[in-house]
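Trainee:
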Amino acid sequence: MKQNFYEPDHESFREVVAAFVEREVLPNLDRWDEQRLIDRETWLVAGRQGIIGLSAPEEFGGPASPDYRFRMVVLEELGKAFATSLASSFSLQDDILIPYISAFGTDEQRRRWLPPMISGELIAAIAMTEPGTGSDLQGIRTSAVRVDGGWRVNGAKTFITSGIQCDLVVVVARTDPEGGPHGFTLLVVEKDMPGFTRGRKLDKVGLDAQDTAELFFEDVFVPEANVLGEVGGGMAQLKQMLPLERLSIAAHAVAVSEAVLANTVEYTRQRTAFGKRIADFQNTRFQLAEMATELDVTRAYVERAILAHNAGELTVVDAAKAKWWASEIQNRIIDRCLQLHGGYGYMLEYPVARAFKDARIQKIFGGTNEIMKHIIGRDLVGRP
Ligand SMILES: Cc1cc2nc3c(=O)[nH]c(=O)nc-3n(C[C@H](O)[C@H](O)[C@H](O)COP(=O)(O)OP(=O)(O)OC[C@H]3O[C@@H](n4cnc5c(N)ncnc54)[C@H](O)[C@@H]3O)c2cc1C
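280 is the number that this note's numbering gives to position 280 of the sequence shown; each next residue is one higher, with no gaps.
1) Going by beta-carbon coordinates alone, are Phe184 and Glu190 separated by less than 9 Å?
2) For Thr42, tell me which candidate among Gln138, Gly366, Gln165 has the shortest Cα-Cα distance.
3) Does the beta carbon of His374 come closer than 9 Å to any beta carbon on chain E?
4) So who's on the other strand from Phe184, going by DSSP bridges?
5) Taking buried to mean at least 16 other C-beta atoms within 10 Å of its own C-beta, is Asp136 buried or exposed?
6) Just mark Ala56 as buried or exposed, buried being the case when its beta carbon has 16 or more other beta carbons within 10 Å.
7) Does the distance from the CB of Ile96 to the CB of Met117 come in under 9 Å?
8) Which residues bound the beta strand (DSSP E) around Pro223?
9) Using a threshold of 8 Å, is the CB atom of Leu207 nearer than that to any non-hydrogen atom of ligand 1?
10) Taking 8 Å as the threshold, find out whether the region 203-223 comes into contact with the region 81-93 through three or more Cβ pairs.
11) For Tyr267, which of Ser257, Ser248, Ala279 has the nearest alpha-carbon?
12) Mind reading off the beta-carbon distance from Ile306 to Leu247? Whole number of angstroms is fine, and I expect it under 8 Å.
13) Ala103 and Ser143 look like a contact to me (Cβ under 8 Å); what is the Cβ gap, rounded to whole Å?
14) Does any heavy atom of ligand 1 sit closer than 8 Å to the C-beta of Asn331?
15) Do you know how far the Cα of Ala124 is from the Cα of Asn369?
16) Do you know offhand how far Thr129's Cα is from Ala273's?
17) What is the residue span of the alpha helix (DSSP H) that Thr42 lies within?
18) Starting from Gly199, trace the beta strand (DSSP E) in both directions and tell me its first and last residue.
19) I'd like the span of the beta strand (DSSP E) that includes Ala156, first residue to last.
20) Could you give the DSSP three-state label for Leu261: helix, strand or coil?
21) Tell me the DSSP secondary structure of Val227 in three-state form.
22) Does Ala64 come out as helix, strand or coil in the three-state DSSP assignment?
23) Excluding the five sequence neighbours on either side, which residues of its own chain have a C-beta within less than 6 Å of the C-beta of Ala81, listed in chain order?
24) Find the nearest neighbour of Val153 within the set Val316, Val145, Asp176, judged by alpha-carbon distance.
25) What is the DSSP secondary structure of Leu168, reduced to helix, strand or coil?
26) Is Ser91 near ligand 1 - that is, is its Cβ less than 8 Å away from at least one heavy atom of it?
27) If I follow the unbroken beta strand (DSSP E) through Ile123, where does it start and stop?
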């Protein structure tokens, strides 16, 4: 039941991405994990080869018509290499930051930031989460007070992806303490602004090569020219962009699960016990059959969501369904694949073990899976 999700252009692009992975990614994966940082040079090569910047408008160097299927190709090829940290870092740039600047930036902001983001010279981050609040964004305490020519920002953010490397960070700040949901604004803080400092690189369960950090803002002056979108419109802007962020997590989940399952099928064909291949035990065949089916069904939903996104029709609820479901399936599949590897599945030199560590976050970031179900439930039965 093969359907034509991809067209010849996507397959030609796949060859470019596969060559990039072979040359620039595979030889460096272990080192990136050890140094817990991806080389900046890799971003520049990806930029030169058109592997990032796929969501940017054409006038700034993006593609003629953004099509998420190209992003899916990138996720699939990085998935096959188990380059999860890199995939997730590129997703942040392509599926969150470039769309934010494209959608809400003024012409001047777009001209200033988009070309270097597409070329990989400028790495961007988004800072919503704080030590005291994550799911409940209304609890954000980082404040911005209006001063002559701009805003004075104070506060702290945590768990910020690309927090160590980023050159620019979109900060969600409270600009009107009495404004309720209309009291938040997106402000772009740039790396050299006095008062902006980074904390330690956080030690995580997985995604070793990705730099996740705390960020601090002490009387940081942000000029009016760095307000992204409407003052007071921050929460609405976040809501508008969350479906794409969640689609990105679901797409990544499918790509990685397919790679892990393929790798496990191969392993069970090679490994023997009790004089048979592991693949010959009925339990193994049933496990593989169940996983292949679950994954195909999940893929069909995610592909539908990708096409809906391309058509500008992906809803908040559908994206929430894709995110929680695909990330649960990913974790379930990887756990079962690890089991089929026996003790080797627990050894980090085996891809399944790394995939296991890296998968867990998928159920937490981009809005926890509980929050996804809250969104879907609210759509079904209204607010409590
Ligand atoms: C590796 C990593 C990278 C990240 N990258 C970024 C980033 O780049 N930028 C950024 O801003 N943030 C980032 N985050 C933060 C991430 O989005 C938050 O951790 C996540 O939204 C959850 O918030 P929290 O950690 O405060 O958990 P909490 O909100 O404290 O939740 C704790 C538990 O309570 C549950 N819960 C909360 N509210 C409800 C509810 N209404 N109903 C039912 N259950 C509920 C949650 O589901 C969870 O199980 C990252 C986190 C990690 C770990």
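Backbone N, C-alpha and C define an ideal beta-carbon position, used for all residues, glycine too. Model, not experiment: these values are computed from the prediction.
Mentor: If we stick to the structure as given:
1) no
2) Gln165
3) Within the model displayed, chain E is absent; a lone protein chain is all it includes.
4) Arg174
5) exposed
6) buried
7) no
8) 212-223
9) yes
10) yes
11) Ala279
12) 7 Å
13) Their Cβ separation, rounded to whole angstroms, is 25 Å, which puts Ala103 and Ser143 out of contact at 8 Å.
14) no
15) 25 Å
16) 48 Å
17) 40-48
18) 196-201
19) 150-161
20) helix
21) strand
22) coil
23) Val21, Val25, Leu26
24) Val145
25) strand
26) no
27) Counting along the chain, Ile123 falls outside any beta strand (DSSP E), and DSSP gives it neither H nor E.
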